[in-house]
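Trainee: To start, I am sharing the structure in question, which I have written as structure tokens.
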Amino acid sequence: MPPTMPNRANYLYCLCFLLLGLSACGNYEKVLKSNDINYKLTKANEYFDKKDFVHASELYQGLLPVVKGTKNFEPMYYKYAYSYYNMKDYLSASYHFKNFVDFFPSSKEAEECEFMHAVSLYKMSPKYSLEQTNTIKAMEAMQSYINTHPGSKRIVEANTYIDEARQKLEMKDAGAAKLYYNINQFKAAAVAFKSVNHSYPESASSDYYQYMVIKSYYYFAKASVPEKQEERFTSCLSAYQEFKQTYPASKYNSDAEKYQSLATNYLKKLRNEHQ
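Residue numbers (the working numbering): 9 to 283.
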């Protein structure tokens with residue numbers, strides 16, 4: 009059955025699109041097989057400018073051995089690194105941005121590529137609940153960039169990346185501490201929350217972490233054998249005193265006072281029993 013007019017129009021459109029695609033593929037194959045280095049490099053740059061980073065990167069990769077050592081190597085390698093970044097292949101991008109800095113330390117693009125190496129590492133950083141090795145590497149690379157280029161226009165952006173990475177590490181550590189608390193591992197929770205507070209003293213949640221130290225010590229003491237309780241309730245009260253001195257205006261004050269009162273009453277009872 010012959011196609012109707014609307015269907016026929018769609019059919020012709022799809023056919024034209026297919027033919028254009030085949031033509032483009034054919035053109036790329038022609039470029040790929042060419043032995044003309046200048047022609048190949050020109051076409052690679054055209055693909056890059058058109059944001060066809062897959063074809064651009066493939067052509068650049070093939071040109072690396074023959075262009076190396078020539079005046080074209082530096083600008084080509086710069087685009088080669090960005091091809092991977094724009095394809096979201098951040099592992100390859102970080103590698104090639106670092107290579108650019110090593111190959112061309114005096115280049116006017118070297119500072120930018122050092123920064124992009126750190127950015128690429130940050131882009132590989134997973135959500136906070138997963139392993140944070142790449143986050144730590146990104147922070148180290150970004151801090152190295154800041155130390156090396158203290159007057160850079162990118163310092164504010166670099167510090168923002170570091171702050172975001174630290175926040176992710178803080179969430180990871182705080183999540184681990186809360187998990188200890190949720191599974192009734194109160195001693196481990198107290199130690200973990202204390203560690204989080206020590207590692208991130210400027211955190212907006214630092215009063216919460218200290219409050220959780222109080223709670224964790226309280227429940228740890230309460231679950232302990234009688235001969236250990238006095239010592240452990242005392243730890244709870246010490247944590248409360250530190251909380252009170254450090255965070256006098258905390259929203260957790262009333263709750264913290266409740267655990268201080270409970271711990272004090274338990275201690276009085278224990279000491280009376282010992283008399």
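Cβ atoms here follow ideal geometry from the backbone N, Cα and C, with glycine treated the same way. Quantities reported herein were computed from a predicted structural model and do not represent experimental measurements.
(1) Whole angstroms are fine: how far does the CA of F201 sit from the CA of K186?
(2) Tell me where the alpha helix (DSSP H) around R174 begins and ends.
(3) Beta-carbon separation of M84 and V62 under 8 Å?
(4) Touch check for the region 201-219 and the region 166-180: three-plus C-beta pairs under 8 Å?
(5) Is Y68 near K87, with beta carbons less than 8 Å apart?
(6) Note down the Cα distance separating L278 from K195, rounded to an integer number of angstroms.
(7) Return the chain-ordered list of same chain residues with a C-beta closer than 6 Å to the C-beta of T272, the five sequence neighbours on each side being excluded.
(8) In three-state terms, what does DSSP make of M147?
(9) Under 8 Å: do the region 146-155 and the region 107-115 share three or more Cβ pairs, one atom per stretch?
(10) If you scan the region 233-260 from start to end, which runs of the alpha helix (DSSP H) of 4 or more residues do you find wholly inside it?
(11) Can you list, in chain order, the stretches of the alpha helix (DSSP H) that have 4 or more residues and sit fully within the region 198-237?
(12) State the Cα-Cα distance for the pair Y217 and V74, rounded to the nearest angstrom.
(13) Grab me the residues of N280's own chain with a C-beta within less than 7 Å of its C-beta, minus the 5 sequence neighbours each way, in chain order.
(14) Using the Cβ count rule (16 or more neighbours within 10 Å means buried), how would you classify T168?
(15) I believe A347 touches Y225 by the beta-carbon criterion, under 8 Å. Please report the beta-carbon distance rounded to the nearest angstrom.
Mentor: Checking against the coordinates, here is how it stands:
(1) 8 Å
(2) I163 to N190
(3) no
(4) yes
(5) yes
(6) 20 Å
(7) none
(8) helix
(9) no
(10) 234-254
(11) 214-230
(12) 59 Å
(13) none
(14) exposed
(15) For the chain, the structure presents residues 9 to 283; residue 347 sits outside this window and is missing.
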